[in-house]
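Student: Chains as they are written, first to last, in numbering that gives the first Met the number 0: chain A, 0 to 683; chain B, 0 to 220; chain C, 0 to 492; chain D, 0 to 315.
Note that beta-carbon positions come from the ideal geometry of N, C-alpha and C, so glycine has one too.
The structure presented is a predicted model; accordingly, all values stated were derived computationally and were not measured.
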Amino acid sequence: MSLDLSWIIHWGLFNVVVLYGIGIFLPFAFYRNAHFQNLVAHGAAMAASIVGVVLGLAGLWAPEPVTFSVLSNLPLLTFQVRVDPLASFFVLIISLAGFAVSQFAMGYVREFENRRSIGALGGLYNAFLLSMTLVILADDGFFFLIVWEIMSLVSYFLVVTEHEKPETRYAGFFYLIMTHVGTAFIIVTYLVFYQQAGSFSFEAFRHPAAPLPEGFRTLAFAAALIGFGTKAGIVPLHVWLPYAHPAAPSHVSALMSGVMIKTAIYGLVRVYFDFLGGTFPWWWGFIVLAIGAVSALLGVMYALMEHDLKSLLAYHSVENIGIILMGIGAGMIFQSYGLSNLAALGLLAGLYHTINHAMFKGLLFLGAGSTLYATHTRNMEEYGGLIRKMPWTAFFFLVGAVSISALPPSNGFVSEWLTFQSLFLSFQIPDVLMKIMLPIGAAMLALTGVLALACFAKAFGISFLAMPRSAHAREAQEVPWAMRIGMAEMALFCVVLGLAPMGVVPMIDRVTAPLTGITIAEKIVSEGGFALVPAPDKGFASISTPVLGLLLIVLVPAALLTAVVIGGRLRKRFYKTWGCGINLKPRMEYTATGFTQPIKQVFDMIYRPTVKLETEMLEESRYFAKRMRFETHIEPVFQKYLYDPVVRVLSLLADRLRVVQAGSLHLYLTYIFLTLIILLLWVR
Amino acid sequence: MVIHPDIGSQLVNFCSALLLLTCFAIIAQRRLSACVDLFALQSVFLAVTAALVAFLTGAHHIYIAAALTVVIKAMILPRILKAVIERLNVTRELVLNINIPSSLLVCGALVILAFYITQPIISLGFLLTKDSLAIALAIVLIGFFTMIARKKAVTQVIGFLVIENGLFLGATAAAYGMPLIVELGVFFDVLVAGLIIGIYTHRLQDTFDSVDTTKLTALKE
Amino acid sequence: MNLALIGLIAAPLLSALLSLVMKSQGSMERLQCVHAAVLLGTMSVVVTGAGGGAELTVGNFLRTDALGAFLDLMLAFVGATGLLYALGYMGEELIRGHLSLRRYGRFFCFLNLYLFAMLLAANLDNIALMWIAIEGSTLSAALLINFERTKTALEAGWKYIILSFVGIALALFGTVLVYYASEHVLGVRWEALQWSELHRVASDLNPTALELAFVFIVIGYGTKAGIAPMHTWLPDAHAEAPTPVSAMLSALMLNLALYAILRLKSIVDPAVGTDFTGPILLGLGLLSIATAATFMLIQRDYKRLFAYSSIEHIGIVLVGFGAGGPVGVFGGLFHMINHSLAKSTAFYAAGRVLLRYGHKNMEGVTGLLRQMPLVGGAMLLSTLALAGLPPFGLFVSEILIATGAYVEQPWVAYTFLGLLAVAFAALVYQVFRMVLGEPKEAGIIMTPGGNRFAAVSLMANLMAMGYIGIHMPGFLSDLFIPMTRIFNSVSHG
Amino acid sequence: MIESVVITFVQAVVILAVSPFIVGLIRKVKARLQCRQGPGWLQPYYDLVKLFRKDVVASTHTSWIFTASPYIIFASTLAAVLLVPIFLSTVPLNFAGDVITVVYLLALGTFFLILAGLDAGSAFGGMGSSREAIVASLTEPAMILSIFAVGLTAGSTNLSTIVHKTALLQGIVTDPPPHLMALAALFIVTLAETGRVPVDNPATHLELTMIHEAMILEYSGRYLALVEWASAMKLLLFLTLISNIFAPWGIATEPEPVWMIFGVAVWLVKVSGLAVLIGVIESMFAKLRLFRVTDFLGLAFILSLLAIIFFYILRG
């Protein structure tokens with residue numbers, strides 16, 4: 000058994016690389032026929048991701064990790080990959096999402112034909128998927144850094160696909176700088192390990208020659224949090240995300256938001272639970288939890304104020320990363336108190352949400368991409384009534400919205416519920432402070448959840464319901480089949496993940512077991528595999544999404560039946576909506592801005608909104624307005640108070656230093672002279 | 000005939016001291032042509048020193064070096080410089096970056112510095128030319144300082160040549176001369192350098208109507 | 000093999016003389032193409048010969064060990080592509096009537112002399128003769144920098160001459176001091192100036208003398224290498240010189256000057272111990288990176304931008320050697336070659352842009368990818384390389400250097416990484432503004448001939464960059480192992 | 000198995016049957032306090048039947064969301080109800096979900112109600128939806144936390160477990176302060192979630208004040224009936240929660256028919272009492288401005304949080 004599994008894994012590794020390689024290079028061979036390039040590139044990507052799924056599953060169930068390495072003749076560098084459960088799980092995520100997204104892309108990139116080189120686009124797309132896969136599989140710090148940077152670079156180029164727009168260039172630049180700074184911190188993390196291990200191989204990181212001193216462990220913790228956090232988009236390092244993700248072509252946004260930021264989660268888990276052996280003080284976990292909670296809340300709050308559909312989704316990525324980190328943070332806290340089965344639970348919740356978010360966020364971005372494809376605008380205020388123009392897209396978007404709002408029996412509900420439970424189970428922690436802090440985290444999670452619901456009610460309601468608000472929306476048409484199928488696949492993944500937790504939990508348990516040293520699957524999955532019981536020994540709580548699903552499926556017809564029984568056959572007449580006597584115009588509809596107005600007022604201490612109202616009265620009477628102009632903005636707090644000052648100081652400094660290069664030869668001679676004197680004196 | 004080493008070293012040191020004095024003179028002098036003459040004089044002293052060393056040590060190739068010094072540094076280069084000065088009709092440095100008294104003070108300090116720095120490795124030196132290394136370093140530094148303190152291209156060239164003299168003194172007096180081929184190469188380079196600088200000063204004059212190098216500040220941030 | 004070595008050095012001299020008598024552009028192009036071919040051929044023989052720690056010697060004048068061969072590799076390869084590029088560039092100027100055929104010929108004469116001087120310096124076994132050769136390169140460069148005879152070119156040339164002559168003079172004083180120290184061990188003999196001998200007896204030499212000598216040499220040759228704060232001539236010269244010359248200055252002369260410093264380091268360290276040279280190089284290196292990063296932020300002229308980036312990379316190399324240890328040294332050397340390839344590519348591209356638009360102001364340059372795909376792409380790729388992004392070797396070397404520095408002194412590594420991030424931001428910001436977006440100006444369309452030469456040189460450099468990126472070909476590692484041995488008793492791996 | 004199905008079914012029927020009565024009761028109380036006779040006890044039932052029989056007028060701007068929402072809302076509310084112990088302390092569907100599930104099932108209803116409000120495209124619907132969004136987002140966290148505060152004593156978030164354990168304690172409240180705070184919080188939540196004064200006024204159609212009514216303004220006929228019925232069930236659900244969690248006296252702890260019938264009786268008494276209380280409150284207080292409501296609900300949130308903190312502090 001083990002033997003042929005390892006064979007499958009080697010086969011998978013080889014084929015994934017080869018197929019993505021084909022996808023990268025072959026399209027350039029057909030530079031004449033853009034359509035053919037499209038097929039080759041994304042076909043190769045789909046094939047590769049199927050192999051990737053196989054690889055991931057095989058890796059999950061392989062009895063022991065499989066490593067494969069190619070020596071390089073550069074010092075300290077080995078191209079080594081390792082397929083262990085953790086890596087396989089993330090490879091699975093990448094490949095599942097990659098499959099559906101590639102399917103979608105086949106239709107979507109038609110929009111770019113004869114505007115862009117489809118070959119370049121497709122090649123970069125494959126390179127992106129490949130680099131992400133390698134980041135996950137890399138088993139050598141140096142190799143990891145190389146593919147990590149390549150991943151960032153490739154994604155940068157995908158972001159600036161439409162680089163004739165200045166805002167796109169800005170977004171790309173901002174992204175590139177942020178991710179590069181983040182990489183610097185990751186380098187520091189690895190250097191800390193290197194000093195004790197004497198090599199960059201992860202194996203050496205796991206078992207260093209001498210144990211790391213406490214200070215250096217903390218340094219590694221902090222550097223990893225900042226480094227990977229930048230990529231993951233935790234507050235306050237999230238600022239680049241709402242710019243970069245929307246700027247990219249939608250199928251790429253789906254991958255960036257759904258998958259790429261997960262590589263950062265992978266990095267964190269790898270460093271904390273694997274390299275640092277899962278032994279750390281409680282406050283590490285608390286910091287992660289706190290950052291997660293803040294990210295979740297602020298993420299959703301800023302999302303509510305967004306009316307650019309893709310930026311809204313990007314902010315929701317910040318929120319969901321926060322939720323994931325809350326799970327992981329809770330797990331870390333439990334781990335530091337030695338409650339390993341709860342630690343496993345927290346980690347499991349986090350990872351479950353990771354795969355869920357990959358799917359529904361991917362789905363939502365694909366939906367946004369479809370609306371963009373159909374209407375050529377990202378502004379929700381110009382949508383409306385799309386549900387009649389593009390029913391399929393609307394339906395799939397609705398599935399995604401329900402899932403991300405964690406409404407039962409969706410997959411988002413399962414993972415958020417598990418997170419809730421792992422937070423509530425804090426009463427087993429000996430320390431009172433933590434006992435209180437975790438429920439507070441749960442409170443913030445609850446608030447986040449409901450705000451997310453409000454946000455997606457807005458997103459779906461304003462975009463797809465009521466009357467078209469612009470010519471764009473009126474002329475919209477349903478998107479090509481390739482795109483619909485792509486969304487359908489994503490939606491299917493969401494539903495399965497929601498209704499079959501008893502299948503998913505044991506899978507993730509295979510990941511957490513080696514990290515926490517305890518397996519909890521058979522304890523959690525009870526009631527003949529129908530219910531999840533996080534803490535069976537406590538009998539704390541349980542859910543069963545299949546039963547809930549069944550219940551709803553039974554009760555909806557029941558309601559129908561009741562109505563028929565009491566009221567008889569349905570007699571229905573249609574008439575246009577009552578508009579206070581005058582007939583209704585789209586301009587009279589509630590806008591997204593109006594919808595979120597109360598929330599903006601309630602949380603104004605966070606939004607710091609600025610409102611500008613200009614009224615122009617009629618000459619005849621100053622009681623009747625001729626024109627009114629209303630403008631409202633929310634303050635970008637983090638840019639204003641965190642990033643702009645840094646930039647300003649740097650440029651000011653640089654400007655001041657111009658005098659150094661003032662052009663005077665005597666000055667230059669003096670530099671040399673003084674350096675000489677100083678060094679001579681130093682020698683003496 | 001044989002001269003007692005002490006006396007020999009006395010002589011060498013005396014000559015090198017003269018070299019140093021001429022440096023001070025150059026610093027103190029405003030008139031360009033006078034500066035050039037002083038430089039020529041310094042070169043002569045240098046040649047004498049070299050010849051002395053050659054005579055006292057019997058390292059005969061140094062004679063050639065001495066001869067070259069006289070020919071190139073005491074005759075050819077001063078001629079070129081004089082010609083330049085004639086052509087540009089700049090006779091004197093009116094404005095200085097650093098005025099003369101303070102320049103002299105600085106140079107004094109530099110001499111002390113030079114002795115202070117070389118002090119630990121003097122012991123290596125031969126009895127004959129104990130202090131020459133320090134003096135050579137002093138001359139180099141003073142030449143360097145001249146280039147900073149003066150504005151006109153010509154004076155800067157002179158400063159550069161003074162540095163060269165310091166180097167030569169260091170090479171011959173302190174280390175009994177480099178192998179001949181090296182010396183020749185060095186001289187060749189100095190010559191070419193002088194020529195190129197000459198060309199440049201001409202072009203500067205043609206383009207900017209001035210050799211005041213402080214005016215060259217078009218290129219900056 | 001020795002013949003090849005001699006050929007390698009003699010070829011530029013010969014073609015310098017010949018190029019004075021060339022009567023037409025075509026014949027000049029043929030001549031220089033042959034010249035380039037000869038360079039590459041002889042170089043490959045020399046490199047393979049010196050691989051694996053062997054040494055080529057001609058009398059006791061020329062001696063090529065791994066380090067020398069490494070320099071030959073860079074000089075010959077970039078020299079060759081540079082010549083081809085220059086054919087395209089100066090040919091364009093010639094066709095536009097900006098310069099006469101005579102001056103066209105003279106340019107190549109100077110250029111070849113420059114190349115000759117550098118190749119000679121890299122292979123001479125004698126510390127003083129090496130000084131002479133480097134001085135020679137300085138002089139020929141002085142003639143090249145204000146070749147275009149504009150006001151600013153003149154100013155740049157003058158500053159270059161004064162500063163680098165002063166520097167070179169200090170270097171000579173340092174050389175004298177080395178001799179001063181060595182003749183007490185080896186006597187007043189020719190051998191007392193020979194690298195090989197100095198290596199042999201290094202540990203017996205007087206430490207203080209060597210320390211003083213090192214200070215003078217670092218400052219002297221450092222001026223030529225553009226190490227802050229002696230770098231001030233560099234941006235002016237690079238901006239004003241004809242672009243092929245800028246490329247060669249950045250890619251070759253800086254490395255040559257570094258080579259001189261490193262040679263001396265390899266002698267000083269055994270005598271004094273690394274904790275003397277280490278701090279000096281680290282300090283100067285970090286200072287250089289900081290200076291360069293700052294001025295790149297506020298840069299408006301793309302040639303100056305690349306010039307400052309050269310200062311930055313020289314600083315990086317210094318940090319590598321200052322950190323020392325097999326890793327640091329390896330990183331430093333690997334950085335040198337990758338930088339010379341990437342930087343020359345960047346300058347080649349910049350030169351094409353300059354020919355097209357006729358100005359060096361970044362504001363006016365946008366949408367290169369659209370307007371000149373090859374040039375824009377080359378500039379993009381070389382910038383990525385210079386910014387230290389994979390799959391280019393500079394990323395690898397920077398990681399190695401950071402590692403070496405961290406093991407030596409963590410805070411150095413932190414500062415290093417921080418400064419690199421700033422430099423990265425500056426460079427990427429400035430260049431991507433030019434490369435991306437929509438073109439603003441039409442510019443002048445260039446002749447196909449020039450374009451052909453440019454394309455060849457660009458592609459050659461890019462391929463080389465890609466080839467030695469994150470996987471090192473065998474012949475290089477054959478050089479690197481003995482080279483690292485020169486600086487550390489232990490070899491890497 | 001059969002037994003569980005039967006019990007579940009019975010529970011559904013009971014709730015469906017009783018919920019209109021509670022609405023009527025509150026109306027009656029208010030009428031009486033206003034010295035009116037008020038409509039008869041059975042008026043709500045008549046209303047429902049009449050609405051079911053009436054034709055449906057649907058807007059031409061609406062989509063299938065508008066049609067499907069009433070059924071989904073009805074179903075999700077009913078599903079939520081089935082997870083709540085009414086007359087038997089351990090409901091058969093206990094394993095299927097806990098309080099969080101209940102909240103999120105109600106949220107599912109809210110979600111589709113909001114969408115339905117937006118679907119018709121009238122300004123009223125949008126206004127109601129937007130207000131509902133803010134109200135819901137402030138109440139539901141408070142609800143989860145307040146019940147969790149009580150759940151801590153029982154060591155579970157499953158409603159049945161909570162109720163069962165508390166029932167076995169014969170209603171002796173073990174940690175009074177947290178429980179009182181939680182009770183207060185849950186009561187505020189109830190008022191808000193079920194659209195009662197001072198948060199919302201079920202009796203008004205004045206667009207400045209209404210929330211729930213604005214959302215369902217476009218509904219008519221059986222759709223309206225379903226939505227109204229669902230909201231009635233929701234009201235009853237909350238009252239049940241309050242009564243059974245904080246005072247589970249008389250609830251059957253074993254599925255004995257006799258005890259269960261007794262349980263129903265006791266439960267009826269309790270919820271009716273609460274209904275009367277609500278009626279009184281509605282007649283005593285005026286409706287708050289929307290942006291005062293948030294303060295009111297924030298109070299609930301804080302209270303429930305304090306309840307948890309207190310619990311730990313008291314338990315140490």
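(1) Is there a Cβ from chain B that is less than 8 Å from the Cβ of Ser490 of chain C?
(2) In the DSSP assignment, what are the bridge partners of Thr77 of chain A?
(3) Check whether the Cβ atoms of Ile260 of chain A and Ile320 of chain A sit closer than 8 Å, and answer yes or no.
(4) Pick from B:Ser42, B:Gln28, B:Val89, B:Val11: whose alpha carbon is nearest that of Ala66 of chain B?
(5) I'd like the ranges of any alpha helix (DSSP H) spanning at least 4 consecutive residues and lying wholly in the stretch 425-495 of chain A.
(6) Taking the C-alpha atoms as reference points, what is the distance between Val225 of chain B and Met129 of chain C?
(7) Spatial neighbours of Trp258 of chain D within its chain, please: C-beta separation below 7 Å, excluding the five flanking residues on both sides.
(8) If I'm right that Ala292 of chain A touches Gly440 of chain A with Cβ under 8 Å, what's the distance once you round it to whole angstroms?
(9) May I ask you to list the residues that DSSP assigns as paired with Met180 of chain D?
(10) For Val165 of chain C, would you say it is in contact with chain E, using Cβ-to-Cβ distances shorter than 8 Å as the test?
(11) With DSSP run on the structure shown, which of helix, strand or coil describes Met616 of chain A?
(12) Pull out every residue of the stretch 164-176 of chain A whose Cβ sits closer than 7 Å to any Cβ of chain C, in chain order.
(13) At least one CB of chain C closer than 8 Å to the CB of Val636 of chain A: is that the case?
(14) Kindly list, in the order they appear in chain B, the residues whose Cβ is closer than 7 Å to that of Leu668 of chain A.
(15) Taking 8 Å as the limit between beta carbons, can you name the residues of its chain near Phe60 of chain C, skipping five residues before and five after?
(16) Give a yes or no on whether the minimum CB-CB distance between Gln194 of chain A and chain C is below 8 Å.
(17) Using a Cβ-Cβ cut-off of less than 9 Å, give me the residues of the stretch 420-432 of chain C that come near chain A, in sequence order.
(18) Would you decide whether Ser101 of chain B is buried or exposed? Buried here means 16 or more other CB atoms lie within 10 Å of its CB.
(19) Any C-beta of chain C sitting closer than 8 Å to the C-beta of Met138 of chain A?
(20) Please confirm if Thr56 of chain C has its CB atom under 8 Å from at least one CB of chain B.
(21) Measuring straight from C-alpha to C-alpha, what distance separates Gly516 of chain A and Ile400 of chain C?
(22) What residue ranges within the stretch 33-70 of chain B form continuous beta strand (DSSP E) runs of no fewer than 3 residues, ordered along the chain?
(23) Under 8 Å by Cβ, that's how I've got His334 of chain C and Gly319 of chain C pegged, so tell me the actual separation to the nearest angstrom.
(24) Counting pairs of beta carbons, one from the stretch 279-291 of chain A and one from the stretch 150-158 of chain A, are three or more of them closer than 8 Å?
(25) What span of residues does the beta strand (DSSP E) with Lys625 of chain A cover, start to end?
(26) Is the shortest distance between the beta-carbon of Met0 of chain A and the beta-carbons of chain C less than 8 Å?
(27) Taking Cβ positions, are Val69 of chain A and Phe78 of chain A nearer each other than 8 Å?
Tutor: This is what the structure gives:
(1) As a first step, residue 490 of chain C must be located in the third sequence, where it is residue number 491. With a pLDDT of only 32 at Ser490 of chain C, under the threshold of 50, the placement of this residue in the model should not be trusted; the figure read from the coordinates follows. Taking Cβ atoms only, chain B never reaches closer than 8 Å to Ser490 of chain C, which makes this a no.
(2) Residue 77 of chain A sits at position 78 when you count from the first residue of the first sequence. Looking at the DSSP assignment, Thr77 of chain A forms a beta bridge with A:Leu70.
(3) Residue 260 of chain A sits at position 261 when you count from the first residue of the first sequence. Residue 320 of chain A sits at position 321 when you count from the first residue of the first sequence. Yes, these two residues count as a Cβ contact at 8 Å.
(4) Stepping through the second sequence from its first residue, residue 66 of chain B is reached at position 67. The residue with the shortest Cα to Cα distance from Ala66 of chain B is B:Ser42.
(5) 431-463, 470-473
(6) Residue 225 of chain B is absent from the model: chain B starts at 0 and stops at 220.
(7) Taking the fourth sequence and counting its residues from 1, one reaches residue 258 of chain D at position 259. So the qualifying residues of the chain are Ala251.
(8) By one-based count along the first sequence, residue 292 of chain A stands at place 293. By one-based count along the first sequence, residue 440 of chain A stands at place 441. That belief holds up - the Cβ atoms of Ala292 of chain A and Gly440 of chain A are roughly 5 Å apart, short of 8 Å.
(9) For this step, residue 180 of chain D is matched to residue 181 along the fourth sequence. The partner list for Met180 of chain D (beta bridge, DSSP) is empty, contrary to what the question assumes.
(10) Chain labels in this structure do not include chain E; the protein chains are A, B, C and D.
(11) On the first sequence, position 617 is the one that residue 616 of chain A refers to. In this structure, Met616 of chain A counts as strand in the three-state DSSP scheme.
(12) Within the stretch 164-176 of chain A, the residues whose Cβ lies closer than 7 Å to some Cβ of chain C are Arg168, Phe172, Leu175, Ile176, listed in chain order.
(13) Counting from 1 along the first sequence, the entry for residue 636 of chain A is found at position 637. It does not; no Cβ of chain C falls within 8 Å.
(14) In the first sequence, the residue the question calls residue 668 of chain A occupies position 669. What Leu668 of chain A touches in chain B: Met146, Ile147.
(15) Here the question's residue 60 of chain C lines up with position 61 in the third sequence. Cβ within range, chain order: Leu123, Asp124, Asn125, Leu128.
(16) The sequence position of residue 194 of chain A within the first sequence is 195, counting from 1. Cβ-Cβ to chain C under 8 Å: yes for Gln194 of chain A.
(17) Per Cβ criterion, the list reads Ala420, Val421, Phe423, Ala424, Ala425, Val427, Tyr428, Phe431, Arg432.
(18) Taking the second sequence and counting its residues from 1, one reaches residue 101 of chain B at position 102. Answer is exposed; the Cβ neighbour count stays below 16.
(19) Locating residue 138 of chain A in the first sequence gives position 139, counting from the first residue. It should be noted that the sequence gives Asp, not Met, for residue 138 of chain A. Not an interface residue.
(20) Along the third sequence, read from residue 1 onward, the residue named residue 56 of chain C stands at position 57. With 8 Å as the cut-off, Thr56 of chain C does not count as an interface residue toward chain B.
(21) Counted from its first residue, the first sequence places residue 516 of chain A at position 517. Counted from its first residue, the third sequence places residue 400 of chain C at position 401. Distance between the alpha carbons of Gly516 of chain A and Ile400 of chain C: 38 Å.
(22) none
(23) What you label residue 334 of chain C is simply residue 335 of the third sequence in a count that begins at 1. What you label residue 319 of chain C is simply residue 320 of the third sequence in a count that begins at 1. Indeed they touch by this definition, with Cβ atoms about 6 Å apart.
(24) Counting Cβ pairs under 8 Å, fewer than three are found: no touch.
(25) Locating residue 625 of chain A in the first sequence gives position 626, counting from the first residue. Start and end: 624-632.
(26) Along the first sequence, one-based indexing puts residue 0 of chain A at 1. Legend: pLDDT at Met0 of chain A = 48, less than 50; position of this residue unreliable, value from coordinates given subsequently. Chain C contact via Cβ: absent.
(27) For the purposes of this step, residue 69 of chain A is taken as residue 70 along the first sequence, with counting starting at 1. For the purposes of this step, residue 78 of chain A is taken as residue 79 along the first sequence, with counting starting at 1. It is a contact, given that the beta carbons lie within the stated cut-off.
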